[in-house]
Amino acid sequence: MIKNALIALLFISFVLPGRAESDVCKFTCLSLGTTVELTICLDGISSAAAKSAADESMARVKEIDKMLSVFDKKSAVSAINDDISKRTRSLNPDLYSLIKRCNEYYALTRGAFDITVEPLVEAWGFGPSQIRKSDPCAAAEALKYVGMDKMVFDDANKAVSFDDPRMRIDFGGIAKGYAVDEAVKILKRRGISSAIVNMGGDLYCMGSNTAAGGWSIGIRNPDDKKSIIAALLVKNKAVATSGSYENFYIYGGREYSHIINPRTGRVARNNLRSVTALADDCMTADALATAVFVLGERKGLELVEKLPGIDVFLVVKDGAGARISMSGGMEGYMAKR
Ligand code: AMP
Ligand code: MG
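Here it is as structure tokens:
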């Protein structure tokens, strides 16, 4: 059953034992470069109330896309990036607190997660110019002005400034997670107790279905996108996946993927194929999935084992095949298959 559902949805298995299809409403839209999918169980709410909550959530997601997209010249982030003076600028409170949270992940991961990675993302061919070509010289130069430690924060005025005018920021590593959390807040406020908010595999499982005690989530096999490598049972938790297979190109016979090690300036290359992180909120799961992908298996697990409420499931290259590696608490989420 899980497998069939995943072939359709690729990431979520959304078959609810004991629940009729009429008990569930599903809403989709395109935003943040992916399909935004809200699956809402009609537990004590009408389908009209579910639709109204979904509409408000989708509107909020589109607002976030407008604020955070580096591909949109009119976004708040582009306004920061394109200001060549990089003078101190007051930000809207949402954006300021988002950047401050990113700074916490930067500290927590000792720089493995870093939103100032944008010039490196561009140098390796994944930025707005979309030129799929590696430029190691540009990357070596850009490394001089990457690092959130080169940003200055003014909490009183909710303002930021940068040590180097060439600095640029990129929220690609957390935008979906943040948007999932914002949508979940709206659904909760509207009295919805059971739903999945899914943005291209970064998702939050609200409540539970009737029988299984959680939502069944499949982890995609990075080497065979039509199959799943494991199934999780998740309740009131967020799940986010980062993988080299998600966005990459081959150049000169080598694979270049979109996740960059901000400390070396190079594309993150290690033995990982994918990292699936579980956390209480999706922005944390999203940031940690990206960071653990940069850190690699050993350092990534070392970090996660110190963080309460966070677990990871790793697909690790092993010769021509792959093996699975997990943090200590992950076993508790594995679904019986
Ligand atoms: P994700 O799919 O969540 O791992 O995010 C990957 C995206 O985040 C990339 O496409 C870049 O836009 C950005 N990114 C790449 N490397 C990093 C990093 N080390 N820290 C933060 N963001 C990154
Ligand atoms: Mg991420």
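At position 325 of the sequence shown (counting the first as 1) the number is 325 in our numbering, and the numbers step up by one without a gap. Glycine residues also receive a C-beta, built at the ideal position from the N, C-alpha and C atoms.
With distances taken between CA atoms, residue 235 lies nearest to 203 out of 242, 150, 203 and 251. Distance from the CA atom of residue 321 to the CA atom of residue 315, rounded to whole angstroms, is 10 Å. Here the alpha carbons of residue 99 and residue 80 stand approximately 12 Å from one another.
Distance from the C-beta of residue 280 to the nearest heavy atom of ligand 2 is not below 7 Å. The DSSP-derived three-state label of residue 293 is helix. By the beta-carbon neighbour count (other beta carbons within 10 angstroms, threshold 16), residue 319 is exposed. Counting other Cβ atoms within 10 Å of its Cβ, residue 251 stays below 16 and is therefore classed as exposed. Listed in chain order, the non-local C-beta contacts of residue 297 below 8 Å within the same chain comprise 270, 271, 272, 314, 316 and 325, local neighbours out to five positions each way being set aside.
With contacts defined as CB atoms closer than 8 Å, residue 24 and residue 41 qualify as a contacting pair. Annotated three-state conformation of residue 89 is strand, per DSSP.
A straight line joining the alpha-carbon of residue 120 with that of residue 134 spans about 10 Å. Residue state for residue 167 is assigned as coil, using DSSP reduced to three classes. Sequence-distant partners of residue 128 (beyond 5 residues in either direction) whose C-beta falls short of 7 Å from its own C-beta, in its chain, are 70 and 71. When C-beta atoms of the region 149-169 are compared with those of the region 180-191, fewer than three pairs fall below 8 Å, so the two segments do not count as touching. Taking a C-beta distance under 8 Å as the contact criterion, residue 303 and residue 295 qualify as a contact pair. In the three-state reduction of the DSSP assignment, residue 266 falls in the strand class. Short of 8 Å from the beta carbon of residue 147, and not among the five residues preceding or following it, lie these beta carbons of its own chain, in chain order: 111, 114, 116 and 262.
Per DSSP, the beta-bridge partners of residue 202 are 199. Excluding the 5 residues flanking it on each side, residue 227 has same chain C-beta neighbours closer than 7 Å at 221, in chain order. The DSSP-derived three-state label of residue 307 is coil. For residue 271, no beta strand (DSSP E) run applies, since DSSP gives it neither H nor E. Near ligand 2, meaning a beta-carbon closer than 7 Å to one of its heavy atoms, we find 173, 174, 177, 240, 242, 286, 287, 289 and 290. Taking the Cα positions, residue 199 is about 15 Å away from residue 55. Shortest gap from the CB of residue 293 to any heavy atom of ligand 1: under 7 Å. Distances from the alpha-carbon of residue 190 to those of 47, 35 and 334 put 47 closest. With distances taken between CA atoms, residue 89 lies nearest to 154 out of 154, 141 and 45. With respect to the 8 Å criterion, residue 213 and residue 233 are classified as neighbours on the basis of their beta carbons. With fewer than 16 other Cβ atoms from the protein chains shown falling within 10 Å of its own Cβ, residue 28 counts as exposed. The beta carbon of residue 84 sits closer than 8 Å to those of 165, all from its chain and outside the five residues before and after it, given in chain order. The shortest CA-to-CA distance from residue 32 to any of 335, 152, 282 and 68 is the one to 68. For residue 66, the uninterrupted alpha helix (DSSP H) segment begins and ends at 47-68. When the beta-carbon positions are compared, residue 53 and residue 174 stay at least 8 Å from each other.
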